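Sequence order for the protein chains is A, B and C. Per the numbering used here, the very first residue in the first sequence carries number 30; after that it's consecutive. Per the numbering used here, the very first residue in the second sequence carries number 30; after that it's consecutive. Per the numbering used here, the very first residue in the third sequence carries number 30; after that it's consecutive.
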Amino acid sequence: MSGTLIQEILQPLEQLRLIDPHSHINPHAAASKTLADILGYHYYTELAHSAGLSRQKIEEPGIEPKEKVARLVPWLATIENTAQYSWLLEMCQVFFGFCDDRITTANWEKLYDAAQAKMQQPNWEQFVLERSGLDQVYLTNDFDDPLQGFDTQLYVPCLRTDDLVFHLVKPEVRARLAKASSADVHDAASLKSALSHLFSHFVTNGARACAISLPPDFSPEPISVTTVNPLIARIFAGQEMSADESRTVSNFVFWSLAEFCEQFKLPFDLMIGVNRRVYESGVFQGQDLYDKRTSLIQYKKLFNAFPGVTFPVSVLSETSNQELVSYSWIFPNVVTSGHWWYSNIPVFIERDTRGRLQAVPMTKQIGYYSDMYKLEFALPKFAMYRRILAKVLAEDFVMGRGWKPERAVELGVRILRGNVEVIFGGRAE
Amino acid sequence: MSGTLIQEILQPLEQLRLIDPHSHINPHAAASKTLADILGYHYYTELAHSAGLSRQKIEEPGIEPKEKVARLVPWLATIENTAQYSWLLEMCQVFFGFCDDRITTANWEKLYDAAQAKMQQPNWEQFVLERSGLDQVYLTNDFDDPLQGFDTQLYVPCLRTDDLVFHLVKPEVRARLAKASSADVHDAASLKSALSHLFSHFVTNGARACAISLPPDFSPEPISVTTVNPLIARIFAGQEMSADESRTVSNFVFWSLAEFCEQFKLPFDLMIGVNRRVYESGVFQGQDLYDKRTSLIQYKKLFNAFPGVTFPVSVLSETSNQELVSYSWIFPNVVTSGHWWYSNIPVFIERDTRGRLQAVPMTKQIGYYSDMYKLEFALPKFAMYRRILAKVLAEDFVMGRGWKPERAVELGVRILRGNVEVIFGGRAE
Amino acid sequence: MSGTLIQEILQPLEQLRLIDPHSHINPHAAASKTLADILGYHYYTELAHSAGLSRQKIEEPGIEPKEKVARLVPWLATIENTAQYSWLLEMCQVFFGFCDDRITTANWEKLYDAAQAKMQQPNWEQFVLERSGLDQVYLTNDFDDPLQGFDTQLYVPCLRTDDLVFHLVKPEVRARLAKASSADVHDAASLKSALSHLFSHFVTNGARACAISLPPDFSPEPISVTTVNPLIARIFAGQEMSADESRTVSNFVFWSLAEFCEQFKLPFDLMIGVNRRVYESGVFQGQDLYDKRTSLIQYKKLFNAFPGVTFPVSVLSETSNQELVSYSWIFPNVVTSGHWWYSNIPVFIERDTRGRLQAVPMTKQIGYYSDMYKLEFALPKFAMYRRILAKVLAEDFVMGRGWKPERAVELGVRILRGNVEVIFGGRAE
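Structure below.
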C-alpha cells in the first residue's frame, strides 16, 4: 500500500524536467568520452583507494583511459554496497544497456566498449541531457572564465569565489585576477573595483549565482578599509601573511562579495564546512574532510547585514541540518540547498528532507543539485533524490497528514524545480 | 497491521487527561479572544516573515486583530507543509468547525468570524480545557508575579529566573526585585535573602518548579561570596559590568537558585541552548536561535553538587538528545523533559523518543509539554506527540520486543502523565 | 512481506559463528557464577542507581551475591523499557529457562536458583560459548598481564594502553611497567624500550590488537625526544606534572604506541570520546560520560603519519558517526568499528549501520563487538545487532536496491565476521 502510494507520487516527479542548480560541469566537455571519465570521478577513485588501490596506480601519468578502468574495476567488488556504486550501475544500465547487476573483471571490457560506442555518437551530450530531463545545468566557473563558446542559457554561469577569498596570497591567483579584471590592485578600493569587474562580466553573461565553499571555522565579519589596506598592499606586493592577516583579508573579500551580490542581485551560495587537504596523500579531489564542530551562529552578522541577499546554504555535516532548518525558518534570506557531498547518501538525505519539509516554508527549499563533473551523473543522483522525496511525501504528507497524492506531488514539484526558478530568477526559454 | 496496532495504542492515550508541565499561559487571559491570538503566535508570524511578509506589516502599532489575520493569511500558502501549520488546521477543525483542508484568502473570514463567535462564549476557556483534556497547566511566571487572582491548582505557578540570572544589570529588573522582595540588595547575603523571599512567595502559592532558559555557552560553577560581593555592590549601584563580571554574577545567582531549589524542594527546569536576539530584525519572539556546539558536560559540577535537586532538562538542539539520554541514564537527578522549540517537530520528536525509551529509566522521562502561550495550542501539540509516542510504542515495544499492547499503553501513560505527577509532586485535586 | 524478508536474511546470520573482536572478559573467569555477576554489570547497577537505588546499597562491602540481586530486583521495574533490560531478559530466557516476561520481586529467587544450578555445571563456560556461537573472544588485557593459563586461540589477547598513555604519573602504574618490562625507565629511549618489550610479549602470546580509550579533547601529535626527555625523567623520579606536561607525555607515549603497532603489525583500536569520572558518586564503572564536541579532524596527523597501521575506530557519540563514515571512506587505514557504549542501543545502531553500509567500502567495517565483562552477554547483544543488520539489509539492499536476499546475507556475513578475520589477521583453528 505504502509502496503503491510512493510509486504514484514518484511517477510524476520522474516526468518532471529539471534545472540542476549546482554542478562542476565543463561546458566545453560536458559529457564523458569514455568510461574512464565516469570511473575517474573522485567518488570512485577515492573509494577504491580507501579499499586498497594505491594512488600511484590510479594517477599514473599518461595512463590510457581503458587501462585506468581496468585498474579500478577489480576494486569495485569492495564498494558494491555504496550509494555511489548504485549510481554507477544505474548509469551503465540506462545509458549503455548494461544488463548485469555487477561490474566485474569478466564483463567490464564489453561495457567499456559499449559505452565508448555510445559516447562517440555526435549527439551524445544532447542525448544525455534529454534522457536526464535537464533543461539547464548551473556551472561553477573560475572567476576568470571568459564564459565564451557555450550556450549560457543551457549551461548557466555561476561565479566561484574560493580563490578570491582564500588564495589571493598565491601569485597565480593574483595574476589571473589582474588579467581578468584589467585592474592594478594595491588597496581595498582597487580590489573592490576588480571584483566589481568580475561581477559585471558574469552578470552580463547570464550568471545566476555567486558561490563559495567555506571551512568549518570561518565566521564572516566586516573589516574596515583602514585595517585591510596595508594587508592588501603587502599581498599584492608578493609578501607573506600571518594566519591572522590572511583571515582578515579573507573576511574583507568575502564581505565585499556579499555587497556585490546585493548590488548585482545574485544569490550567494554558501557551502559550509569543508577542510581541504586533510588526507594529503589521497587521490585527486579525495583529500578533503571536515570538522563537525561548526555552527550557523558564525554567520549571524552576515545574515543580519545583508537582508537583501538570498543565501542558499549547503552544510557538509548532517549534524548541521537542524541548524539549517532553524535558521531558514527564522531568517528570510536563508534558504536550504541540496544535500552536499558526505551528506549526499540516502540515510542523511531522507532525514534532512523530513526536517526541512516539516519546518521551513516550502518556498525556501532547493531540493537537490547534482554537484556533478560529468553530465551522466545527473540521472542517477536526481533519481536517488526523487525516490527519497517521494517516500517522504507519501509517508509524512499523504499517510501522516491526509493530503491527497496530487497535493504531495505539487509540493515535490516546487521543491525539485519551482523554487530553483524563483530563487535564482532564471527560467529556461 | 502496524497501522491498526498504532491506533489500538493511540486510543487510550487520547483518552488520557493531561497535566501540561510547561507553558507560557497568562492565567488571567488563558484562552484566545480572536484568531489573531492564535495566528499571532510567533511560530506563524516568524514563518510568514521568513517567507516574505515584512515585520512592519505584522507588527504595525494599533492594528486590529482581524486586519492582522488578513495580512497573515496570504502567506499561509507558503507554510502549509510545516508541522506548525498542521497544528493551526487541527485547532480550526476541532474548535471552530472548520471543514476545509486549507486556510485561504477565500475562506479565512468565515473562519475568523466562526472562531470569534465561539471565543466570545462565556465558558470558552473551560470548554478548551475540557476538550483538550487538561487537568492542570503549569505556568512560567515572572519572579515578581503576585500570583493572585487565579486558581493555582489549575494554573500551577513556576518561578522563571532568566531575568535574575542574566539581567540584573538592567535597572528595571533590579527595581522589580526590590519591590517583590522588599529587600535592599547590596551584597551576596542580601541578594540571597531577596531570592529566598521569592522562593517563599512562590512555594506558598503552590509553585511546582523553578525554570530557566540558558545560552549554549553557559557552564554553571560556584562563585565565592568574596568574589561576588564587590560585583553585586557595583551592579546594585547601577554601574557597568564587563562580560566576565556579568558571567560571574550570573553564575553566583544561578548557583544560589539551585541551593534554594534544594531547600524548597523544587525541581529546577533547565532549558539549555538558546541564543537570544540572533536575528535582531525578526518579529516579536522570532529572533532567537542557537549554537549546537554545546554539551551537558558543562553541567558536570552542577549535577554533582546538587544530588537532592531534580533537574528536568530540555535541550534545544537535536544533536544534544543523546547526551541528554546518557546523562539521565547515569545521573539520578537528571530527567529528560519534552521536545523543545526547534526540536518540536515530528522527525526529531520520534527519534528523541526512541532514544529515551530505549535507555533511560521509564520513571525519569517527562514526555511532553506544550510551551504554549494560548490554551488552544495544547490540543494539536499533544495530539502530535501522542501519535508519535503511539507509533514508537507499537514499533519498538509491541512489534520489536513482543510486549502486549496494554503494557505499551501503560508505559505511554507514565511518560505522558504519571511521571509529571511524581516528579513535580503535584496531583490535581 | 518486509517481516518475512527480514527473517529470511536474519536466519543465516543467526547461524553464523562469531568472533567477538572486543570484550573485557577475564579469561580465568569468563562465565558468570551467579546472577549477581550478570546484574552486577554496570549497565544494571547504574540504571538502578539512576532510578533511585543508593550506591551504598549496591556496593556494600561483603554483600552476598544473592542479597545484591535481591536489592537490585525491585528497581528492575523502572528499567523494563530499556534495551539493557531486554538483554537481561533474553539471557534469562535462553540460558536459564526463564518463562516470564518480567523479573519481579515475586519470581526472581526461583530464577536466581535456576541460574546458579546451571552455572555450577562444570561445562558452563563451554556451553555458553557454544550456545552463543562464539569461536573466539578478544580480550582487553592490562599491559602487565602475564597472558598465561588460558587458551589464547580462544581468548585472544589485546594490549590495552590507557594506563601507559594517561596514568604514568601514578606510582603503581610505573611500578607495574618496571616489573613487566624489566626496564629502568628514565628517558624517551628507555621508555620506548620498555614499550617494545610489552609489544613483544603480547605479540608472542598471540595478541591481535593494541587498544585505547581516549577523551574527547585528545588530539595526537608527535613530540620530540628533546621535549619529552626531561618530563619522563621527572615522572619516573616521582615528581608532579602540570596538565600541559602530562599531555605532552601522553602524546609521546601514544605516538610511540602507533609506531610499535606499525612495527609489530597490530591494528590500533581507537575508542574515541569518553570523559572519565564525570559523576564521581556513581557506581563502579557508572561514572563516565562524554562531550559530543569532538571531531576526527583531531586525528588528522595520526592517520596521515601511519598509513601502514589499521585503525579500527569506535566513537562514543552518535553525532560522530557521519565523521567516522567519511573518514573511513577517505583514509585507507581507518575502519569503522562496532557500536560503543552509549551508542549501543537500537535507535543509534540502526542509523549508524545504514550510513556505514551506504558509504564505506564493505571490507572496512567491523560490524559489532560485545564489550562484555561476562560471557553470557554476547548472546543478547549480538542478537540485537543481527536483527538490526538484517532489517537494514532487507530494507536498503533487497527492497531498496533490488539485491537478491542471498547477496544481502553475504554482505551481512562479511560485516559480522569476515572482516574481523581479515582486519585482525586471525582465524580460529
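Positions of the beta carbon are idealized from the N, C-alpha and C atoms, including for glycine. What you are looking at is a predicted structure, and each value in this text was computed from that prediction instead of being measured.
Using a beta-carbon distance below 8 Å, is residue i in contact with chain C?
i, result
"PRO103 (chain A)", "no"
"LYS393 (chain B)", "yes"
"LYS86 (chain A)", "no"
"GLY32 (chain B)", "no"
Closest Cβ-Cβ distance between residue i and chain B: below 8 Å?
i, result
"THR111 (chain C)", "yes"
"ASN459 (chain C)", "The structure shown does not extend to residue 459 (chain C), since chain C is modelled only from 30 to 458, so the question has no answer here."
"ALA388 (chain A)", "yes"
"LEU158 (chain A)", "no"
"ASN304 (chain C)", "yes"
Label residue i either buried or exposed according to how many other C-beta atoms from any shown protein chain fall within 10 Å of its C-beta, with 16 as the threshold for buried.
i, result
"CYS121 (chain C)", "buried"
"CYS128 (chain B)", "exposed"
"GLY91 (chain A)", "exposed"
"GLU458 (chain B)", "Annotation note: pLDDT 37 at GLU458 (chain B) (below 50); position unreliable, coordinate value reported separately. By the 10 Å Cβ count, GLU458 (chain B) comes out exposed."
"GLN165 (chain C)", "buried"
"SER324 (chain A)", "buried"
"HIS51 (chain A)", "buried"
"THR74 (chain B)", "buried"
"PRO336 (chain A)", "exposed"
"PHE313 (chain A)", "exposed"
"PRO249 (chain B)", "buried"
"ASN448 (chain A)", "buried"
"ALA480 (chain C)", "This structure cannot settle anything about residue 480 (chain C), because the visible part of chain C is limited to 30 through 458."
"THR233 (chain C)", "exposed"
"GLY454 (chain C)", "exposed"
Measure the C-alpha to C-alpha separation of residue i and residue j and round it to an integer number of angstroms.
i, j, result
"GLY384 (chain A)", "THR365 (chain A)", "11 Å"
"ASP213 (chain B)", "PRO200 (chain B)", "14 Å"
"PRO361 (chain A)", "LEU188 (chain A)", "23 Å"
"LEU318 (chain B)", "TYR141 (chain B)", "32 Å"
"ALA238 (chain C)", "PHE297 (chain C)", "6 Å"
"GLN327 (chain C)", "THR348 (chain A)", "18 Å"
"GLU352 (chain A)", "ASP320 (chain B)", "8 Å"
Please confirm if residue i has its CB atom under 8 Å from at least one CB of chain A.
i, result
"SER248 (chain C)", "no"
"GLY384 (chain B)", "no"
Find out if the Cβ-Cβ distance for the pair residue i, residue j is shorter than 8 Å.
i, j, result
"MET193 (chain B)", "VAL282 (chain B)", "One point to set straight first is that residue 193 (chain B) is Leu, not Met, in the sequence displayed. A contact, by the Cβ cut-off of 8 Å."
"PRO341 (chain C)", "ILE395 (chain C)", "yes"
"MET391 (chain B)", "LEU331 (chain B)", "no"
"ASP173 (chain C)", "ILE241 (chain C)", "no"
"LEU445 (chain A)", "LEU422 (chain A)", "no"
"PHE265 (chain B)", "ARG203 (chain B)", "yes"
"LYS410 (chain A)", "SER79 (chain B)", "no"
"GLU435 (chain A)", "SER31 (chain A)", "no"
"SER275 (chain A)", "VAL198 (chain A)", "yes"
"PHE125 (chain B)", "ALA106 (chain B)", "no"
"HIS57 (chain A)", "MET401 (chain A)", "no"
Chain D partners of residue i, CB-CB under 8 Å?
i, result
"GLY81 (chain B)", "Absence of chain D from the displayed structure is noted, the protein chains being A, B and C."
- prompt: Listed from N- to C-terminal order along the chain, which residues in the region 403-431 of chain B have their beta-carbon within a distance smaller than 7 Å of any beta-carbon of chain C?
  reply: ARG430
message: Output needed in chain order: residues of the region 323-348 of chain A with a Cβ under 9 Å from some Cβ in chain B.
response: THR323, SER324, LEU325, ILE326, GLN327, LYS329, PHE332, ASN333, PRO336, THR348
query: Listed from N- to C-terminal order along the chain, which residues in the region 54-79 of chain A have their beta-carbon within a distance smaller than 8 Å of any beta-carbon of chain C?
result: GLU75, LEU76, HIS78, SER79
query: Any residues in the region 306-324 of chain B with a beta carbon nearer than 9 Å to a beta carbon of chain A? Which ones, in chain order?
result: VAL307, TYR308, GLU309, SER310, GLY311, GLY315, GLN316, ASP317, LEU318, TYR319, ASP320, LYS321, ARG322
- prompt: Got a sec: which bits of the region 359-381 of chain B sit with their beta carbon under 7 Å from any beta carbon on chain C, in order along the chain?
  reply: ILE359, PHE360, PRO361, ARG380
- request: Could you please tell me which residues of the region 105-139 of chain B, in chain order, have their CB closer than 8 Å to any CB of chain A?
  value: THR107, ILE108, GLU109, ASN110, THR111, ALA112, GLN113, SER115, ASP130
Under 8 Å (Cβ pairs) to chain B, residues found in the region 259-280 of chain C: none
task: Residues of the region 435-448 of chain C with a CB closer than 8 Å to any CB of chain A: list them in chain order, please.
output: LEU440
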